[in-house]
Amino acid sequence: MSTLLSSVAGNGSAAAWQLSQRGREVVLLERFTPGHKEGASHGASRNLNLSYSEPNYLSLLQRAVPLWSELEQETGTSVFDEVGVVTHGAHPSLTGVRDALDAHGFAAEILSAEAASERWGGMRFETDVLWTPQAGRLNADVSVPRCRRLLLSAGPTFVTASGSKASASRRMTGWW
């Protein structure tokens with residue numbers, strides 16, 4: 001049975017890589033050519049923010065975060081910088097988010113606006129902040145093409161399209 005994925009950008013490339021690792025046959029549909037600038041996956045970096053309280057999402061993050069290390073090991077390239085993320089502003093329940101993170105094994109700390117301003121001297125805070133040190137920055141310009149390259153050995157089927165009408169179907173050799 002094949003797994004059909006639409007979009008071969010950030011999420012699609014990562015999902016296809018993992019599916020192929022698990023022995024699934026993958027069919028990829030992409031409206032644009034690989035590496036296009038039409039979506040949200042192009043550019044230097046993406047924020048990997050862990051500040052969620054939803055158990056299902058946090059369970060997903062528990063499984064996903066280690067996969068960035070796996071990608072780094074398989075490609076010999078750094079793709080994730082664990083620099084931490086500060087969540088601030090009018091957030092309804094920093095305590096609830098911190099407690100949910102703690103329950104899922106992620107480090108999180110609430111700091112007063114004053115303490116946060118002292119820690120990060122270049123910023124001024126007006127509310128308490130949530131510091132998640134295991135969060136960070138994904139290098140999208142590196143991680144997306146690396147996921148795609150790992151797919152080549154699995155030989156997924158790649159279908160390009162113009163609008164919604166498929167124009168070509170071929171193996172993904174040489175595209176990335």
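So for the sequence shown, the UniProt record's numbering puts the first residue at 1; every next one is plus one. C-beta atoms are modelled at their ideal positions from N, C-alpha and C, and glycine is treated no differently.
Glu82 and Gln134 do touch by the CB rule: their CB atoms are close to 6 Å apart, below 8 Å. Nearest neighbour of Leu111 by Cα position, chosen from Val86, Thr77, Glu54, turns out to be Val86. Residue pairing from DSSP places Arg46 in a beta bridge opposite Leu138.
Trp131 carries a strand assignment under DSSP once its states are collapsed to helix, strand and coil. Measuring C-alpha to C-alpha distances from Gly89 to each of Leu152, Trp131, Phe32 identifies Trp131 as the nearest. By the Cβ-count criterion, Ala100 is buried, with 16 or more other Cβ atoms from all chains shown falling within 10 Å of its own Cβ. In terms of Cβ geometry, Ala14 and Gly39 do not form a close pair [threshold 7 Å]. Less than 7 Å separates the beta-carbon of Cys147 from that of Trp17. For Thr3, the enclosing beta strand (DSSP E) covers residues 2-6. In terms of Cβ geometry, Gly43 and Ala116 do not form a close pair [threshold 7 Å].
Around the CB of Ala108, 16 or more other CB atoms lie within 10 Å, so the residue is classed as buried. In this chain, the beta strand (DSSP E) harbouring Thr87 covers 85-87. Taking Thr77 as the centre and dropping the five residues before and after it, the same chain places the C-beta of Val142, Arg146 closer than 7 Å to its C-beta, in chain order. Here Pro156 has Ala16, Ser20, Val26, Val27, Leu28, Met172 as same chain residues with Cβ atoms under 7 Å from its own Cβ, once five neighbours each way along the sequence are excluded.
The Cβ atoms of Leu151 and Arg46 lie no closer than 7 Å to each other.
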